[in-house]
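*Asks:*
There are 2 protein chains.
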Amino acid sequence: MSVTAAKGFTAAGIAAGIKQNGNPDLALVVNTGPRRAAAGVFTSNRVKAAPVVWSQQVLADGELTAVVLNSGGANACTGPKGFQDTHATAEKVAEVLGAKGTEVGAGEVAVASTGLIGILLPMDKLLPGIEKAAAELSEHGGEKAAIAIKTTDTVHKTSVVTKDGWTVGGMAKGAGMLAPGLATMLVVLTTDADVDAKGLDSALRGATRVTFDRVDSDGCMSTNDTVLLLASGASGVTPAQDAFAQAVREVCDDLARQLIGDAEGASKDIRIEVVNAATEDDAVEVGRSIARNNLLKCAIHGEDPNWGRVLSAIGTTRAAFEPDRLNVAINGVWVCRNGSVGDDRDLVDMRYREVTITADLAAGTESAVIWANDLTADYVHENSAYSS
Amino acid sequence: MSVTAAKGFTAAGIAAGIKQNGNPDLALVVNTGPRRAAAGVFTSNRVKAAPVVWSQQVLADGELTAVVLNSGGANACTGPKGFQDTHATAEKVAEVLGAKGTEVGAGEVAVASTGLIGILLPMDKLLPGIEKAAAELSEHGGEKAAIAIKTTDTVHKTSVVTKDGWTVGGMAKGAGMLAPGLATMLVVLTTDADVDAKGLDSALRGATRVTFDRVDSDGCMSTNDTVLLLASGASGVTPAQDAFAQAVREVCDDLARQLIGDAEGASKDIRIEVVNAATEDDAVEVGRSIARNNLLKCAIHGEDPNWGRVLSAIGTTRAAFEPDRLNVAINGVWVCRNGSVGDDRDLVDMRYREVTITADLAAGTESAVIWANDLTADYVHENSAYSS
Chain A
-18 MSVTAAKGFT AAGIAAGIKQ NGNPDLALVV NTGPRRAAAG VFTSNRVKAA PVVWSQQVLA
42 DGELTAVVLN SGGANACTGP KGFQDTHATA EKVAEVLGAK GTEVGAGEVA VASTGLIGIL
102 LPMDKLLPGI EKAAAELSEH GGEKAAIAIK TTDTVHKTSV VTKDGWTVGG MAKGAGMLAP
162 GLATMLVVLT TDADVDAKGL DSALRGATRV TFDRVDSDGC MSTNDTVLLL ASGASGVTPA
222 QDAFAQAVRE VCDDLARQLI GDAEGASKDI RIEVVNAATE DDAVEVGRSI ARNNLLKCAI
282 HGEDPNWGRV LSAIGTTRAA FEPDRLNVAI NGVWVCRNGS VGDDRDLVDM RYREVTITAD
342 LAAGTESAVI WANDLTADYV HENSAYSS
Chain B
-18 MSVTAAKGFT AAGIAAGIKQ NGNPDLALVV NTGPRRAAAG VFTSNRVKAA PVVWSQQVLA
42 DGELTAVVLN SGGANACTGP KGFQDTHATA EKVAEVLGAK GTEVGAGEVA VASTGLIGIL
102 LPMDKLLPGI EKAAAELSEH GGEKAAIAIK TTDTVHKTSV VTKDGWTVGG MAKGAGMLAP
162 GLATMLVVLT TDADVDAKGL DSALRGATRV TFDRVDSDGC MSTNDTVLLL ASGASGVTPA
222 QDAFAQAVRE VCDDLARQLI GDAEGASKDI RIEVVNAATE DDAVEVGRSI ARNNLLKCAI
282 HGEDPNWGRV LSAIGTTRAA FEPDRLNVAI NGVWVCRNGS VGDDRDLVDM RYREVTITAD
342 LAAGTESAVI WANDLTADYV HENSAYSS
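For the record, the sequence lines run as chains A and B. The numbering of the first sequence is this note's numbering, which starts it at -18 and goes up by one. The numbering of the second sequence is this note's numbering, which starts it at -18 and goes up by one.
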């Protein structure tokens, strides 16, 4: 499954020794064609890791033959040497694929990295690792690739949607620093549908805008976020753009939900529905403000339906609303009506992992959903010990 | 000391029974003149508590005779009844002061409340409490007033600056939800300088802009923030506006620093200096972004000089900078130079409570200082159990 669910792709995941604990840390995904169209979406953080800068450049022509990904080091804030290392990594992939009979230049190889910031990658381990990964490329290698990109993820994340004769599949990693504008998140999606770069780009941007971009685990935005979509055309089917975009969105939605479900230290997944907003932008702004309110995140952790903190968060936005017309439900109980006390908060059952907060702005007909996590002592422990 | 350090003021702090634990919860501050000029700054949260709405109205004419403050309940999100209660509170203060011979209307009485959101105040306890407080008004009551406004504060906060024949003093409460646009923070400042409402307003806005507005404990903004400055003119001295503004700023700076030092669950006070910014707004935007990065706040808690998280936070702003010219020092050690690895991070000593992060944007000559706290398991525990 994963990136090899679609026809026309091989993948591998191996331990190159980049991670000191010996866990898998290098993944390779290769598009065996016949088409090699691709699209990508990257972090909006202005401090971008070397592999992000590289991959944005090589994607400019809408074609990719391979993606190499490593965990165990982000290659961010590493200066000119870091960029040279990324370049050398792509060159090495081109070289080993060439030796296997696939003619490819470094400019057709995207690179993605995740792990600690500010540390150079151990190239003496990474480059031999690429040879090892190339030797293990397989049409069944998708799951191993998904495992090799994990950092603090407790599970690997994959998703597949199959339609009439074509498939979209993918893998994701990410367990913290999940925030709008993407997250410390690496995602590779593949499809055997016959779609050109423009169609891929449109579908991918449309999907990330309402999925990965609306996941806000802890308000922090990474330097390395990368989402790639590669099309092999191996199915020989060209789906309608709408149907294709819908399939890409389904896979992204599934992966985004898995990311929230595995966020570092979290004990709750919070679905924030903002309804009756004047505009979709208003709904998103309000949803993010609620998602990032540390006091509310603590309250949800404590299973306390603290709607006052929801109102307080809404009040910091520029969205259209009247304070005395706001309504808030927590798990379906309207604990705040017209900006004041509503139904009995003791009716709210918060025992389960998923918690839904509904914020009714009473200002229009637009809506948006933002996913967040609670704030826990485990989050603090995990992130006060781990340099990333 | 506190609000009675300046001549022309009496104050009291008593236990009215609003707090169920019997601790002091009601404070009264009275300006005995001869002047009754006043200015105020309030939360920029659009969801404003009833006492904020009330006090903004009564301050419109630049005069106040008294301020009544309660802890144990914020009277926020309490609808029309909440506003009626605030009005009744001011009326009661006017009545009891009138009975003591001070002719005053409810429109000269500011009200401030702090505590839980979404719960009506127990007026059957609050109103008799006002009588009790009025009976205890004293020129030495400042400290008791400061104690009565505490919520989760572990210590009461007061400050006094005395100049040539005139004094500015004050009290503050606040231990969480400290964020730009003020905090869950109630502050009453008094002076016996003979300054009119316009001079007070100018001095107070100038001071809060660079003190309370640059304190960002947890990124959360309250519904109740209130900072008042009352002038009695009792010293008979009219200081130069600059000297007066400077004294007000000193008192605000001292109180703001005390607020950060007592933030809920914090183990570190983080001084974030942004230097060489193109504009002061850029410096403030970058400082706030750093201040609100949960991952960095966790790292500081773990005494981990994680400069990658600082760069990651800077990268989310719109400030003018080039990523490869950014420099970051932690406690004086330049761990990041030119956007990449700098001096040995092991040189950074983070054992003490105060931590200084210096972010050099290399883009100009402007600067700003933002104060923040670390993120700790104690913060989570305190805020997952306490409904506010």
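Cβ coordinates follow ideal geometry from the N, Cα and C atoms, glycine included.
Once the 5 residues before and after residue 312 of chain A are set aside, which same chain residues still bring their CB inside 7 Å of it?
*Replies:* Cβ neighbours of residue 312 of chain A beyond the five flanking positions: 329, 330, 331, 336, 337.
*Asks:* Would residue 230 of chain A and residue 192 of chain A qualify as a contact pair, given that the criterion is a beta-carbon distance under 8 Å?
*Replies:* yes
*Asks:* With a cut-off of 8 Å, does the C-beta of residue 233 of chain B fall near any C-beta of chain A?
*Replies:* no
*Asks:* Go ahead and label residue 290 of chain B buried or exposed: buried means 16 or more other beta carbons lie within 10 angstroms of its beta carbon, across all protein chains shown.
*Replies:* buried
*Asks:* Under a CB-based cut-off of 8 Å, is residue 109 of chain B close to chain A?
*Replies:* no
*Asks:* Name the chain A residues whose beta carbon is nearer than 9 Å to that of residue 98 of chain B?
*Replies:* 287, 288, 289, 290, 292, 293
*Asks:* Does the beta carbon of residue 282 of chain A come closer than 8 Å to any beta carbon on chain B?
*Replies:* yes
*Asks:* Work out the CA separation of residue 277 of chain B and residue 75 of chain B for me, nearest whole Å.
*Replies:* 49 Å
*Asks:* How would you label residue 184 of chain B, buried or exposed, when you count the other beta carbons within 10 angstroms and need 16 or more for buried?
*Replies:* buried
*Asks:* Relative to the C-alpha of residue 227 of chain A, which residue among A:181, A:315, A:80 is closest?
*Replies:* Out of A:181, A:315, A:80, A:181 has the C-alpha closest to the C-alpha of residue 227 of chain A.
*Asks:* Kindly indicate the opening and closing residues of the alpha helix (DSSP H) around residue 34 of chain B.
*Replies:* 31 to 39
*Asks:* List, from N- to C-terminal side, the alpha helix (DSSP H) runs of 4 residues or more that fit wholly inside the region 306 to 340 of chain A.
*Replies:* none
*Asks:* Quick check on residue 189 of chain B: does DSSP put it in helix, strand or coil?
*Replies:* helix
*Asks:* Would you verify that the beta carbon of residue 332 of chain B is, or is not, closer than 8 Å to some beta carbon of chain A?
*Replies:* Taking Cβ atoms only, chain A never reaches closer than 8 Å to residue 332 of chain B, which makes this a no.
*Asks:* Whose C-beta lies closer than 7 Å to the C-beta of residue 104 of chain A among residues of the same chain, with five residues either side of it excluded?
*Replies:* 66, 69
*Asks:* Look at the Cβ atom of residue 215 of chain A, then the Cβ atom of residue -11 of chain A, and state whether they are nearer than 8 Å.
*Replies:* Yes, the pair counts as a contact, with Cβ atoms nearer than the cut-off.
*Asks:* Counting only Cβ-Cβ distances shorter than 9 Å, please list the residues of the region 24 to 41 of chain B near chain A, keeping chain order.
*Replies:* 24, 25, 26, 27, 28, 29
*Asks:* For the region 45 to 74 of chain B, list every residue whose C-beta sits within 7 Å of some C-beta in chain A, in sequence order.
*Replies:* 57, 58, 59, 60
*Asks:* Are the region 349 to 363 of chain B and the region 257 to 274 of chain B in contact at 8 Å, needing three or more beta carbon pairs?
*Replies:* Touching, yes, given that three or more Cβ pairs across the two stretches are closer than 8 Å.
*Asks:* Could you check whether the Cβ of residue 77 of chain B sits closer than 8 Å to any Cβ belonging to chain A?
*Replies:* no
*Asks:* Express the C-alpha separation of residue 72 of chain B and residue 395 of chain B in angstroms, rounding to a whole number.
*Replies:* The first residue shown for chain B is -18 and the last is 369, placing residue 395 of chain B beyond what the model contains.
*Asks:* Compare the Cα-Cα distances from residue -14 of chain A to each of A:206, A:-4, A:146 and report the closest residue.
*Replies:* A:146
*Asks:* Measure the C-alpha to C-alpha separation of residue 82 of chain A and residue 90 of chain A and round it to an integer number of angstroms.
*Replies:* 16 Å
*Asks:* Relative to the C-alpha of residue 221 of chain A, which candidate in A:175, A:236, A:252 has its C-alpha closest?
*Replies:* A:175
*Asks:* If we ignore side chains and look at the alpha-carbon of each, how far apart do residue 200 of chain A and residue 16 of chain A end up?
*Replies:* 38 Å
*Asks:* Strictly by DSSP, which residues pair up with residue 140 of chain A?
*Replies:* According to DSSP, which records beta bridges pairwise, residue 140 of chain A is partnered with A:151.
*Asks:* Just to confirm, is the Cβ distance from residue 138 of chain A to residue 239 of chain A under 8 Å?
*Replies:* Contact flag set, yes.
*Asks:* Whole angstroms are fine: how far does the CA of residue 323 of chain A sit from the CA of residue 160 of chain B?
*Replies:* Reliability fails at residue 160 of chain B, whose pLDDT of 48 lies under 50, so the model's placement of it is uncertain and no value is given.
*Asks:* Suppose the cutoff is 8 Å on Cβ atoms and the five residues either side in sequence are ignored; what does the same chain contact list for residue 108 of chain A look like?
*Replies:* 69, 70, 73
*Asks:* Where residue 10 of chain A and residue -16 of chain A are concerned, what is the direct C-alpha to C-alpha distance, given to the nearest angstrom?
*Replies:* C-alpha separation (whole angstroms): 7 Å.
*Asks:* Assuming residue 178 of chain B contacts residue 19 of chain B (C-beta within less than 8 Å), just tell me the rounded distance between them.
*Replies:* Sure, about 7 Å apart at Cβ, within 8 Å.
*Asks:* Residues bridged to residue 252 of chain B by DSSP?
*Replies:* Answer is B:337, B:352, bridged to residue 252 of chain B.
*Asks:* Are the beta-carbon atoms of residue 47 of chain A and residue 207 of chain A separated by less than 8 Å?
*Replies:* no
*Asks:* Please report the Cβ distance between residue 213 of chain A and residue 13 of chain A, rounded to the nearest whole angstrom; I am assuming they are in contact, meaning their Cβ atoms lie under 8 Å.
*Replies:* 7 Å
*Asks:* Compile a chain-ordered list of the residues in the region 260 to 283 of chain B whose CB is closer than 9 Å to at least one CB of chain A.
*Replies:* Listed by position, the residues of the region 260 to 283 of chain B near chain A (Cβ gap below 9 Å) are 273, 274, 275, 276, 277, 278, 279, 280, 281, 282, 283.
*Asks:* I'd like to know whether the C-beta of residue 253 of chain A is nearer than 8 Å to at least one C-beta of chain B.
*Replies:* no
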